[in-house]
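Participant: What follows is a single structure, and I will ask about it in a moment.
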Amino acid sequence: MILIDGKQTAEDIRLEIAREVASMIDKGIKAPHLAAVIVGEDPASQTYVASKEKQAKAAGFTSTVYRLPAATTEQELLGVIDFLNDDPDVDGYIVQLPLPGHINSNTVLQAVAPEKDVDGFHPVNVGRMALGLPCYVPATPHGIMELLRRYQVETTGKKCVVLGRSHIVGSPVSILMSQKGTPGDATVTLCHSKTAGLAQIAAEADILIAAIGKPGFVTADMVKEGAVVIDVGIHRIEAPDTKSGFRLVGDVDFEAVAKKASMITPVPGGVGPMTIASLLQNTLKAAKKEIYG
Ligand code: NAP
35 MILIDGKQTA
45 EDIRLEIARE
55 VASMIDKGIK
65 APHLAAVIVG
75 EDPASQTYVA
85 SKEKQAKAAG
95 FTSTVYRLPA
105 ATTEQELLGV
115 IDFLNDDPDV
125 DGYIVQLPLP
135 GHINSNTVLQ
145 AVAPEKDVDG
155 FHPVNVGRMA
165 LGLPCYVPAT
175 PHGIMELLRR
185 YQVETTGKKC
195 VVLGRSHIVG
205 SPVSILMSQK
215 GTPGDATVTL
225 CHSKTAGLAQ
235 IAAEADILIA
245 AIGKPGFVTA
255 DMVKEGAVVI
265 DVGIHRIEAP
275 DTKSGFRLVG
285 DVDFEAVAKK
295 ASMITPVPGG
305 VGPMTIASLL
315 QNTLKAAKKE
325 IYG
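Position in the sequence shown counted from 1, then plus 34, gives you this note's numbering.
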């Protein structure tokens, strides 16, 4: 069984990006500039944005974070979005979700200029992805595809089952896996909470991607011998035996499933670390104007 090491792969990507940024700067080209907007004090979002800022700087990017109070109105936030859309120095930016309840996330995400939408959430980027056109692929599906590519997982003609149809993970990864290319060219089944016979469908998968949001949902009987298992879930569960009192687990019962899988992503250290690396890859593409010219 091969453990798919997302932590190491993400580190490799960051080093590749840092080398490319250093060579851009040597040639007199400005460093890529990633901005982030965060509204309110949600601790998980604060941690996540701080981590993005640190890793962007480590890759040689310019990083700017706009920290706005929870009481910011939708109009005020749209003003910041306009400013970032117009700022020629900013190559790409993200609006950290979730936003406070009084702000309509769709309105805000649709105001982001598609060519700066490095999270890939704007309908223009989603539509281009669905059509197989150049676009910013959202960070988590991008990271999953990158792991499959770098671990040379054979996907052509394989049965891929995706568990979960969210707009940020399940749905886009199912589209990408079914498209022409490598990785891709798989025969994809997308399962959700209304799927009948999910366990049997999952058990036929050569590649099983779990993005359900339920700790340990995928048990060994739902996995084919030799399958490649990608676990997207992240859950903090109580673990009185550990120093911190908690541990992170995924949507897959790792101990039991690892005995049947040919390759598997651990949690933590699998898909999770790939997310920020993917965001940096998208920002580098934005700086090089690879998608929109
Ligand atoms: P989500 O928006 O809650 O979507 C969950 C999906 O799973 C929905 O499509 C839902 O079906 C389906 N589902 C839920 N319970 C089910 C059941 N019992 N049987 C079949 N389908 C079921 O979640 P998400 O944002 O995609 O995230 C999924 C997990 O990945 C979470 O643990 C999240 O923390 C994690 N995550 C990790 C990363 C990372 O970087 N590693 C990034 C994003 C998310 P319906 O559509 O029918 O409701």
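Glycine included, C-beta positions come from ideal geometry on N, C-alpha and C. On a predicted model such as this, the values are computed, not experimentally measured, just so you know.
#1: Between residue 29 and the ligand NAP, is the CB less than 7 Å from at least one heavy atom?
#2: Is there at least one non-hydrogen atom of the ligand NAP closer than 7 Å to the beta-carbon of residue 207?
#3: Can at least three beta-carbon pairs, one atom from the segment 93–105 and one from the segment 62–74, be found at a separation below 8 Å?
#4: Jot down the residue ranges of each uninterrupted alpha helix (DSSP H) in the segment 193–220, minimum 4 residues, whole runs only, in chain order.
#5: Evaluate contact between the segment 180–199 and the segment 215–224, counting only Cβ atoms and requiring at least three cross-stretch pairs below 8 Å.
#6: What does residue 269 pair with, by DSSP beta-bridge criteria?
#7: Would you mind stating whether residue 152 and residue 44 have Cβ atoms separated by less than 8 Å?
#8: CA-CA distance, residue 123 and residue 92?
#9: Just checking my contact of residue 148 with residue 317 at CB under 8 Å: how many whole Å lie between their CB atoms?
#10: Let me check one thing: in DSSP terms, what residues is residue 297 bridge-paired to?
#11: At the level of alpha carbons, what is the spacing between residue 253 and residue 50?
#12: Report the three-state DSSP secondary structure of residue 105 (helix, strand or coil).
#13: What is the rounded straight-line gap between the Cα of residue 132 and the Cα of residue 185?
#14: Rounded to whole angstroms, what's the CA-CA distance from residue 265 to residue 286? Just pull it up for me.
#15: So, using beta-carbon positions, are residue 290 and residue 280 closer together than 8 Å?
#16: Looking only at its own chain, which residues have a Cβ that is under 7 Å from the Cβ of residue 239, when we skip the five neighbours before and after it?
#17: For residue 326, which three-state DSSP category applies?
#18: May I ask you to report which of helix, strand or coil DSSP gives residue 100?
#19: For the ligand NAP, is there any heavy atom lying closer than 7 Å to the beta carbon of residue 231?
#20: Give a single yes or no on whether residue 203 has its beta carbon closer than 7 Å to a heavy atom of the ligand NAP.
#21: So the beta strand (DSSP E) residue 241 belongs to, where does it begin and stop?
#22: Among 85, 305, 214, 47, which one has its Cα closest to the Cα of residue 38?
#23: Measure the Cβ-Cβ separation of residue 157 and residue 207 and say whether it is below 8 Å.
#24: With a CB to CB cut of under 7 Å and the five nearest residues on each side skipped, what residues in its chain are close to residue 246?
#25: Just to confirm my understanding: we take residue 83, look at its own chain, exclude 5 residues before and 5 after, and list those with CB closer than 7 Å. What are they?
#26: Secondary structure at residue 174, three-state DSSP: helix, strand or coil?
#27: Can you list, in chain order, the stretches of the beta strand (DSSP E) that have 3 or more residues and sit fully within the segment 120–160?
#28: Could you tell me which residues DSSP pairs with residue 70 in its beta bridges?
#29: For residue 303, which of 215, 40, 35 has the nearest alpha-carbon?
Facilitator: According to the structure shown:
#1: Any answer about residue 29 is impossible in this case: the structure gives the chain only from 35 up to 327.
#2: The count along the sequence shown starts at 1 and reaches residue 207 at position 173. Flag unset: Cβ of residue 207 not near the ligand NAP.
#3: yes
#4: Correct list: 204–212.
#5: Yes, the segment 180–199 is in contact with the segment 215–224.
#6: Position 235 of the sequence shown, counted from the first residue, corresponds to residue 269. Residue 269 is bridged to 283.
#7: For the purposes of this step, residue 152 is taken as residue 118 along the sequence shown, with counting starting at 1. For the purposes of this step, residue 44 is taken as residue 10 along the sequence shown, with counting starting at 1. For residue 152 and residue 44, no; Cβs fall outside 8 Å.
#8: Position 89 of the sequence shown holds residue 123. Position 58 of the sequence shown holds residue 92. Cα to Cα, residue 123 sits roughly 19 Å from residue 92.
#9: As a first step, residue 148 must be located in the sequence shown, where it is residue number 114. As a first step, residue 317 must be located in the sequence shown, where it is residue number 283. With a Cβ gap of about 14 Å, residue 148 and residue 317 do not count as contacting.
#10: On the sequence shown, position 263 is the one that residue 297 refers to. For residue 297, which the question treats as bridged, DSSP gives the partners 36, 262.
#11: For the purposes of this step, residue 253 is taken as residue 219 along the sequence shown, with counting starting at 1. For the purposes of this step, residue 50 is taken as residue 16 along the sequence shown, with counting starting at 1. Whole-angstrom Cα-Cα distance: 36 Å.
#12: For the purposes of this step, residue 105 is taken as the residue at position 71 of the sequence shown. Per DSSP, reduced to three states, the secondary structure at residue 105 is coil, with no helix or strand assignment.
#13: Stepping through the sequence shown from its first residue, residue 132 is reached at position 98. Stepping through the sequence shown from its first residue, residue 185 is reached at position 151. The straight-line gap from Cα to Cα measures roughly 32 Å.
#14: If you number the sequence shown from 1, residue 265 lands on position 231. If you number the sequence shown from 1, residue 286 lands on position 252. Taking the straight line from one Cα to the other gives about 6 Å.
#15: Here residue 290 is taken as the residue at index 256 of the sequence shown, counted from 1. Here residue 280 is taken as the residue at index 246 of the sequence shown, counted from 1. No; because the gap between Cβ atoms is not below 8 Å, this pair is not in contact.
#16: Counted from its first residue, the sequence shown places residue 239 at position 205. By the criterion of a C-beta distance shorter than 7 Å, residue 239 is surrounded in its chain by 193, 194, 195, 258, 261, once the five residues flanking it on both sides are discounted.
#17: Taking the sequence shown and counting its residues from 1, one reaches residue 326 at position 292. Coil at residue 326, not helix or strand.
#18: Mapped onto the sequence shown, residue 100 falls at position 66. In this structure, residue 100 counts as strand in the three-state DSSP scheme.
#19: Your numbering for residue 231 matches position 197 in the sequence shown. For the ligand NAP, not one heavy atom lies less than 7 Å from the Cβ of residue 231.
#20: Looking up residue 203 in the sequence shown gives position 169. Residue 203 Cβ: within cutoff of the ligand NAP.
#21: Counting from 1 along the sequence shown, the entry for residue 241 is found at position 207. Looking at the DSSP string, the run of the beta strand (DSSP E) that includes residue 241 is 241–244.
#22: Start at 1 with the first residue of the sequence shown, and residue 38 comes out as number 4. Check the Cα spacing between residue 38 and each of 85, 305, 214, 47: the tightest is with 305.
#23: Working through the sequence shown from its first residue, we reach residue 157 at position 123. Working through the sequence shown from its first residue, we reach residue 207 at position 173. For residue 157 and residue 207, no; Cβs fall outside 8 Å.
#24: Start at 1 with the first residue of the sequence shown, and residue 246 comes out as number 212. If we look at residue 246 and ignore the five residues flanking it on each side, its Cβ neighbours are 197, 198, 267, 285.
#25: What you label residue 83 is simply residue 49 of the sequence shown in a count that begins at 1. Cβ within range, chain order: 70, 72, 99, 130.
#26: Your numbering for residue 174 matches position 140 in the sequence shown. Reduced to three states, the DSSP call for residue 174 is helix.
#27: Complete beta strand (DSSP E) runs here, min 3: 126–129.
#28: By one-based count along the sequence shown, residue 70 stands at place 36. In DSSP, residue 70 forms a bridge with 99, 128.
#29: What you label residue 303 is simply residue 269 of the sequence shown in a count that begins at 1. When only C-alpha atoms are compared, the closest one is 40.
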